[in-house]
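Number of protein chains: 2
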Amino acid sequence: MRIALIVFDGFTDIDLYLPWDLLHRPQQPTWEVRILGTAAEHVSSTGLPVRTHGMIDEAADADVVLIGSGNGTRALINDPAYLARLRLDPQRQLVGSMCSGALVLAALGLLDGLTATTYPTAVTALTAYGVQVVEEPFVRHGNLATAAGCLAAQDLVGWVVSTLLGDDARDLMLQAIQPVGRGLAFAAADEVATTYASRAGGAL
Amino acid sequence: MRIALIVFDGFTDIDLYLPWDLLHRPQQPTWEVRILGTAAEHVSSTGLPVRTHGMIDEAADADVVLIGSGNGTRALINDPAYLARLRLDPQRQLVGSMCSGALVLAALGLLDGLTATTYPTAVTALTAYGVQVVEEPFVRHGNLATAAGCLAAQDLVGWVVSTLLGDDARDLMLQAIQPVGRGLAFAAADEVATTYASRAGGAL
Numbered sequence: 006m007r008i009a010l011i012v013f014d015g016f017t018d019i020d021l022y023l024p025w026d027l028l029h030r031p032q033q034p035t036w037e038v039r040i041l042g043t044a045a046e047h048v049s050s051t052g053l054p055v056r057t058h059g060m061i062d063e064a065a066d067a068d069v070v071l072i073g074s075g076n077g078t079r080a081l082i083n084d085p086a087y088l089a090r091l092r093l094d095p096q097r098q099l100v101g102s103m104c105s106g107a108l109v110l111a112a113l114g115l116l117d118g119l120t121a122t123t124y125p126t127a128v129t130a131l132t133a134y135g136v137q138v139v140e141e142p143f144v145r146h147g148n149l150a151t152a153a154g155c156l157a158a159q160d161l162v163g164w165v166v167s168t169l170l171g172d173d174a175r176d177l178m179l180q181a182i183q184p185v186g187r188g189l190a191f192a193a194a195d196e197v198a199t200t201y202a203s204r205a206g207g208a209l
Numbered sequence: 006m007r008i009a010l011i012v013f014d015g016f017t018d019i020d021l022y023l024p025w026d027l028l029h030r031p032q033q034p035t036w037e038v039r040i041l042g043t044a045a046e047h048v049s050s051t052g053l054p055v056r057t058h059g060m061i062d063e064a065a066d067a068d069v070v071l072i073g074s075g076n077g078t079r080a081l082i083n084d085p086a087y088l089a090r091l092r093l094d095p096q097r098q099l100v101g102s103m104c105s106g107a108l109v110l111a112a113l114g115l116l117d118g119l120t121a122t123t124y125p126t127a128v129t130a131l132t133a134y135g136v137q138v139v140e141e142p143f144v145r146h147g148n149l150a151t152a153a154g155c156l157a158a159q160d161l162v163g164w165v166v167s168t169l170l171g172d173d174a175r176d177l178m179l180q181a182i183q184p185v186g187r188g189l190a191f192a193a194a195d196e197v198a199t200t201y202a203s204r205a206g207g208a209l
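For the record, the sequence lines run as chains A and B. The numbers in the first sequence follow the numbering used here, run straight up by one, and end at 209. The numbers in the second sequence follow the numbering used here, run straight up by one, and end at 209.
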C-alpha cells in the first residue's frame, strides 16, 4: 500500500505532520508512507525544512495521495508544468486534500461540478474554479475528498484508514491522539499499545 | 522571547510539530522558537528526521521550555549526563511537557509532591517517581505544566500564549486550526488572516 503526501515550499507544517503521524499509528508493515515534492527538501511557511522521499511523478502509482496546504499552493496552481507532473486518478486512487490543497485538485480539474471544502482564506480562489464551496470539515465524492481546518486531518486520514482497514482501526487511531480525559482514558493503555504506541517502543 | 522545544531520537512527530505550528500562529516578530537536542538532527519514532536549531544546554536561558514525548524519553531519564545538561527553573521559566515528556520533568525532580498527567502507557513509570498522576488533559502548578494526549498540545501551547499574550490571542490561535464548520467559520477568514495565515502569505 503506497501512500503519498504531497509537499512544496511554503507548506503548512501541521497539515503535513498530522497526517504523517496518524498514518503511522495503525501498524501496517505493508504500508509505505512517502513525502513527495519537486526537490530533495522543501521548506514550510514557518521555515522548517523537510526531506522528501521521492518526486511527485510517482504519485501516479500510489494507492492514496493526500495534498497538503499552505501559501505555496498559489504558485503550484499557476504552474502548468507542475500540474502536468501530478497525475492523479480518483478512479483507481484515494485522493484527498487539506485546506488550500483543494486549489490544486481544482486546478487539475478534479473538482469540476463537485462540492468541496477549503480553508476560509482560500474560499474565493476555490470558488473561482467553479467549485461549490461548502462550510464543512470534510466533503467526499467517491474516492475524492477535501478536508479543511487543520484538525480535520482526523476526518481525512480517518476516511483513508476506515476505507483500507475498517472503522475499528480508524477509531483506535483517532483515540490514540485525543487529550487524556477528553477521548483518551488511562484505561485505554493496552488498546493504544496496539497502535503506534507499541511500535514506538511502549509509550508516547 | 525565546521558546525552546526539546527533541531527541525517538520523539513523537505530532508532539513536536503541533506545538511548533501553533507557536508560529500569533505573529510575534520578537519570538524565536528553537528546536533543541543533543545532535544536529534527531529522528522521530516513525523515522522522520528533524534538524535542530541548537543544543539543550541553551534551554537554561529560554523563557519557555516545552519537552516533547516519545519512546526516546525512556533513555533520557536514565542518562544522568543528559539530565545535568537540561537545567530548567520554573521560578523564572514557563516549563511544560507533552505526554511522556513528563517523565523527564520527574527525573529532574521538578514534579516532586505535585500532580501531573502523562500518556496512558507512561502512567506506571511516572507514578514510580512518586508523582500523583491524574487523568486530565492539562495539569498546571504555577509556571510548570504537563499535558497528555497529542491534541492536548492545544491546552499546553494555549497556556503559554495566554500567559504571554492574553486570552484573545490564545483563542484566535486555536480557532485557526479547528475544522471548518466545527470551530472555524468561513466568515472568520479576516480574523484568521491576522494570525499565521497572513504571515504565510494569505491563506493556509
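Backbone N, C-alpha and C define an ideal beta-carbon position, used for all residues, glycine too.
- Shown here, A/Arg175 sits in a helix according to DSSP, grouped into three states.
- In terms of beta-carbon proximity, A/Tyr134 stays away from the interface with chain B, with every pair separated by 8 Å or more.
- Annotated three-state conformation of B/Pro142 is coil, per DSSP.
- DSSP, read as helix, strand or coil, puts B/Arg7 in strand.
- A/Pro54 counts as exposed, since fewer than 16 other beta carbons sit within 10 angstroms of its beta carbon.
- The segment 7-18 of chain A and the segment 64-77 of chain A touch, with no fewer than 3 CB-CB distances between them shorter than 8 Å.
- Nearest CB-CB separation between A/Gly163 and chain B: not below the 8 Å threshold.
- Between A/Val12 and A/Leu21, the CB-CB gap stays under 8 Å.
- One Cα belongs to A/Gly73, the other to B/Gly118, and the distance between them is close to 44 Å.
- Assignment of alpha helix (DSSP H) within the segment 54-117 of chain A, counting only whole runs of 4 or more residues, yields 78-81, 85-90 and 106-112 in chain order.
- Interface criterion met: the Cβ of A/Ala157 is under 8 Å from a Cβ in chain B.
- Beyond the five residues adjoining it in sequence on each side, A/Thr151 comes within less than 6 Å, by CB distance, of Ser102, Ala107, Ala121, Thr122 and Val144 in the same chain, given in chain order.
- Here DSSP, grouped into helix, strand and coil, assigns A/Gln137 to strand.
- Counted as a single uninterrupted DSSP element, the stretch harbouring A/Ile40 is not any alpha helix (DSSP H) but the beta strand (DSSP E) occupying residues Glu37 to Gly42.
- Comparing alpha carbon positions, the residue from A/Gln159, A/Ala64, A/Gly163 and A/Asp14 closest to A/Gly52 is A/Asp14.
- B/Thr151 is bridged by DSSP to B/Ser102 and B/Val144.
- By the Cβ rule, the segment 134-144 of chain B counts as touching the segment 182-196 of chain A, because three or more pairs are nearer than 8 Å.
- Look at A/Phe191: its C-beta is under 8 Å from a C-beta on chain B.
- Interface residue (Cβ-Cβ distance to chain A less than 8 Å): B/Gln183 is classified as such.
- Burial is judged here by how many other beta carbons sit within 10 angstroms of a residue's own beta carbon; B/Asn76 has at least 16 and is buried.
- In the three-state reduction of the DSSP assignment, A/Phe16 falls in the strand class, which pools E and B.
- Using a CB distance cut-off of 8 Å, A/Arg39 does not count as an interface residue toward chain B.
- Taking C-alpha positions only, A/Asp195 is separated from B/Ile182 by approximately 30 Å.
- B/Tyr22 has a beta carbon lying within less than 8 Å of a beta carbon in chain A.
- B/Val197: member of the alpha helix (DSSP H) spanning Ala194 to Val197, first to last residue.
- The Cβ atoms of B/Ala64 and B/Leu28 lie no closer than 8 Å to each other.
- About 4 Å separates the CB atoms of A/Ala127 and A/Ser105; that is less than 8 Å, so the two are in contact.
- Contact annotation for B/Trp36 against chain A: no contact, minimum CB-CB distance about 11 Å [criterion: below 8 Å].
- Thr122, Thr123, Tyr124, Pro125, Thr126, Ala127, Val128 and Thr129: these are the residues of the segment 118-129 of chain A whose beta carbon lies less than 9 Å from some beta carbon of chain B, given in chain order.
- Contact note: A/Ile11 does not reach chain B at a C-beta cutoff of 9 Å; the least C-beta distance is about 15 Å.
- Taken through DSSP and simplified to helix, strand or coil, B/Thr126 comes out as helix.
- Annotation: the continuous beta strand (DSSP E) that includes A/Val48 extends over Glu46 to Val48.
- Exclusion of the five residues before and after B/Val165 leaves Ile8, Leu28, Val69, Leu71, Leu99 and Gly101 as the residues of its chain whose Cβ lies within less than 8 Å of its Cβ.
- Around the CB of B/Met178, 16 or more other CB atoms lie within 10 Å, so the residue is classed as buried.
- Within the same chain, Cβ atoms closer than 7 Å to the Cβ of B/Leu131 are found at Ala107, Leu108, Ala111, Ala121, Thr123 and Val138, the five residues on either side in sequence being excluded.
- Per DSSP, A/Gly52 lies in no alpha helix (DSSP H) and is assigned neither H nor E.
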